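Only one structure is covered here, and it is reproduced in the block below.
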Amino acid sequence: MSKKTKTWLIIASSLVIIGCVIFGGVMMALNWDFMKLSTVRYETNDYAIKDDYKNISIITDTADILFEISENTETSVACFEAKNAKHTVKVNDGRLEVKLNDTRKWYEYIGIGFVTQKITVSIPKGVYGELIIKSDTGEVEIPKDLRFESIGITGSTGDVTSLASAAGDIRIKTSTGDILVENTSAASFDLSVSTGRVTAYNLACEKDITISVSTGKTDLKNIRCKSIISKGSTGAVSLENVIAKDKISIERSTGDVKFDSSDAGEIFIKTSTGNVCGSLLSDKIFFASTDTGRVDVPKTMTGGKCDITTDTGDIKITIEN
């Protein structure tokens, strides 16, 4: 190593050490409270809703969205938000609308913020119309004891927890984040994530449950529906006490598929790399094949079709008596 290179390395190391010392001194002066480094100023704005409404629409950017059951018959919305990027809250043509009104100049986007913005919607227990939520970065939580005609949630980054029921469809789509749907019912479910986990427990569904996953695990438990259709690239699929009247169809590139006391009229499983195993509740006519692996399925000759194909992996299925 040349003398010039050594000199530059010593200078660079010294600057790093000096920077760390300065940062440590500043944080000690602030009692290690990173919130005090924030250059964004926040405030809470409360809105009491007096007008009648049926539908609800929330369109925001970086705020968490939380629904809660109000203690009385009143509806209110609390927005913890940046002072220069507030939300408008109003009832328009029977729809409660919460919408980000971002009028910031380009230079106002430059800043440091360590606080999570939050929209809290407090509504009475009951039945409502259409619920639409669109959020870029933020989590969504909807409690039980609420029922809608339909639910549509779209997000980029953030987890979604939905315990509310719908007479129609429940559609949840997020790019990076987990989806939890539990203890609820709907005409159909359409759950989609790019990178994240899908968990669906205790569901009653008149029609189909469709699940799309690029990368992430899918856990299904205690479900009754017409059909389950799931496509994905990477991620295991677990089905426990899942009963589909018509069919279960699962496709994965990489990931195991496991059945536990589950069944359907017909079953179609296709994976590239992964094992397919577990227990079904009724006899099937099996068509099972694997390029690299073992096949162990019952030699039953009655029942619906069960077609299982994997390139690399074992296939082992049993029938519960």
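My numbering puts the sequence shown at residues 322 to 642. All C-beta atoms in this analysis are idealised placements derived from N, C-alpha and C, irrespective of residue type, glycine included. All values reported here derive from a predicted model rather than from experimental measurement.
Contact check, residue i vs residue j under 8 Å by CB: the rounded distance?
i      : j      : result
Val436 : Tyr368 : Val436 to Tyr368, Cβ: 20 Å. No contact.
Thr555 : Gly576 : 6 Å
Ser506 : Ser486 : 5 Å
How many Å lie between residue i and residue j at the Cα?
i      : j      : result
Gly434 : Phe401 : Low per-residue confidence applies at Gly434: pLDDT is 48, beneath 50, and the placement is therefore not dependable, though the value from the model is reported in the following sentence. Distance between the alpha carbons of Gly434 and Phe401 is about 13 Å.
Phe589 : Ala399 : 48 Å
Ile544 : Tyr363 : 43 Å
Asp480 : Thr621 : 43 Å
Phe469 : Lys538 : 28 Å
Ser593 : Thr633 : 6 Å
Leu541 : Ser509 : 15 Å
Thr497 : Gly415 : 33 Å
Ala557 : Ser600 : 16 Å
Ser533 : Ser515 : 8 Å
Ala350 : Ala384 : Below a pLDDT of 50, predicted positions are generally treated as unreliable, and Ala350, at 49, falls in that range; no measurement from the model is reported.
Gly447 : Asp628 : 44 Å
Glu460 : Asp617 : 44 Å
Ile636 : Asn642 : 20 Å
Lys547 : Gly553 : 20 Å
Can you check DSSP and say which residues form a bridge with residue i?
i      : result
Glu462 : Leu387, Thr482
Thr396 : Ile370
Arg545 : Ala525, Ile564
Gly553 : Val534
Ala403 : Tyr363
Val412 : Leu417
Thr639 : Ser600
Pick out the complete beta strand (DSSP E) segments inside the stretch 558–583, 3 residues or longer, and give them in chain order. Taken in chain order, the unbroken stretches of beta strand (DSSP E) that lie wholly in the stretch 558–583 and span 3 residues or more are 558–575.
Counting only runs that start and end within the stretch 474–536, where is the beta strand (DSSP E) found for 3 or more residues in a row? For secondary structure counted as the beta strand (DSSP E) over 3 or more consecutive residues, the stretch 474–536 holds these complete runs in sequence order: 481–483, 490–497, 500–507, 509–516, 519–526, 529–536.
I want to know whether the stretch 610–623 touches the stretch 560–575 - three or more CB-CB distances under 8 Å. By the Cβ criterion, the stretch 610–623 is not in contact with the stretch 560–575, since fewer than three pairs of Cβ atoms, one from each stretch, lie closer than 8 Å.
Is it true that the stretch 412–421 meets the stretch 471–489, where meeting means three or more beta-carbon pairs spaced less than 8 Å apart? Too few Cβ pairs lie closer than 8 Å, so no.
Entirely enclosed beta strand (DSSP E) segments - the stretch 436–461, minimum 3 residues: Runs found: 438–444, 447–458.
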